[in-house]
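What follows is a set of notes on a single structure, which appears directly below.
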Amino acid sequence: MIAPILPGATIGVLGGGQLGRMFAMAASRMGYRVHTLSPEEDTPTGQVADVEINASFDDLDAIRAFARNVAVVTFEFENVSAAAAEVAGEHAPVRPSGHILHITQQRAREKGFLADGGFPVTPFAHVRSAPDLDEAVRQVGTPAVLKTASFGYDGKGQRKVETAAEARAAWDAVGGGEAVLERFVDFDREVSMIGARGANGWMVTYGLVENTHRDHILDTSVYPSAVAVRHEDEAAEIVRGLLERLDVVGVLCVEFFLTHEGALLINELAPRPHNSGHLTIDACVTSQFEQQIRAICGLPPGSTELLRPAAMVNLLGDRWTAGEPDWAAACLVPGVKLHLYGKAGPRPGRKMGHMTALAHDGPAALRLACAARDAL
């Protein structure tokens, strides 16, 4: 048995975005202190943490000093180097491990890991050079999607390839570097499931969340989803298998495509809380952020019970184009909760916050959430 890290201890968070902010708020409520490290000042996490340290993730001396003053280190985004995770681990447990980050922060490694483990993925090929690209197109076929191997998110670093003749231009458009070519999936819907695994080996899963995207950025999430129970069971089995195979201590989100034929295919992994799980703050007994704290601190799991059906809508910087949104009008809509991230300088496509609505069923919650967003 691993001894628990009890309330009153200090948790270190590498990263300063909104995920860290919501994590820090949950940790504070449970009696923990939070230190955060990121290159920027006055970050969403730093605004609510006990200590904000400004340093590059490549500053290994700063990472060492940071880890010496906390009981456990976690992440609020994946793109922290393996070296940073390794030096932090010299002074405090790192959860999830740097090994997991190494796999999930690079698409080629992630796809290879999934395929080697027998997990359901779309047909893909690894591209390192122009000849690789030509062979990948022959192997995968078209239409396909070409994605950079590293540092791609919210649709950045990817291009659809309709025909073989378009492949070279697509590769140039995403930087001409290491990439993954995936067969295009004409899916029925996109769903995601969040699971957690504790330091002592327990595992829990939430139900499937149904997601819609706009311009490759998550737009709405509805929980519970409208998919069949058999898909819920299959997804939970996959998530649990991944939690064990990766030896996750923390939270893992698995994004799936559900095809018209009823097959679940893994799109991406995120070894951290996920945008589609933000509605658990208001809708579930235990939010994904509290679950992350329980997992990395060696506490028992929290109940994943859904209290009321919920829907979430993202608030992007586009909403500020005509000035400050009308928050009072949005808050007039019954059952709506407003979450803003404390970010300065809104810009198109930037996630500035979200709203969650609770109702008697998912579609009703979605109508309320969309009405509140429209009122802005």
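Quick note: the sequence shown, position 285, residue 282 per my numbering, numbers continuous. For every residue, glycine included, the Cβ atom is placed at its ideal position computed from N, Cα and C.
Got a sec, what are the start and stop residues for the beta strand (DSSP E) His123 sits in?
121 to 124
Given a threshold of 16 other Cβ atoms within 10 Å of its Cβ, counted over all protein chains shown, does Pro128 qualify as buried or as exposed?
exposed
Checking 8 Å against the spacing of the C-beta atoms, do Met349 and Arg370 come in under that value?
no
Could you give the C-beta distance for Phe20 and Pro270, rounded to a whole number, given that I count them as a contact under 8 Å?
7 Å
Kindly indicate which residue of Gln44, Phe121, Arg305, Val10 has the alpha-carbon position closest to the one of Thr33.
Val10
Please classify Met(-2): does DSSP put it in a helix, a strand, or coil?
coil
Note down the Cα distance separating Glu132 from Ala146, rounded to an integer number of angstroms.
17 Å
Between Val226 and Leu255, is the Cβ-Cβ spacing less than 8 Å?
no
Mind checking which residues open and close the alpha helix (DSSP H) that includes Lys108?
104 to 113
Alpha helix (DSSP H) containing Asp185: first to last residue?
From DSSP, Asp185 is part of no alpha helix (DSSP H) but of the beta strand (DSSP E) over 184 to 194.
Under 8 Å: do the region 77 to 96 and the region 114 to 127 share three or more Cβ pairs, one atom per stretch?
no
Give me, in chain order, the residues of the same chain whose beta-carbon lies closer than 6 Å to that of Leu337; leave out the 5 immediate sequence neighbours on both sides.
Gly350
Val67 vs Thr139 beta-carbon contact at 8 Å:
no
Under three-state DSSP, which class holds Cys294?
coil
Pairwise C-alpha distance: Cys250 and Val124:
26 Å
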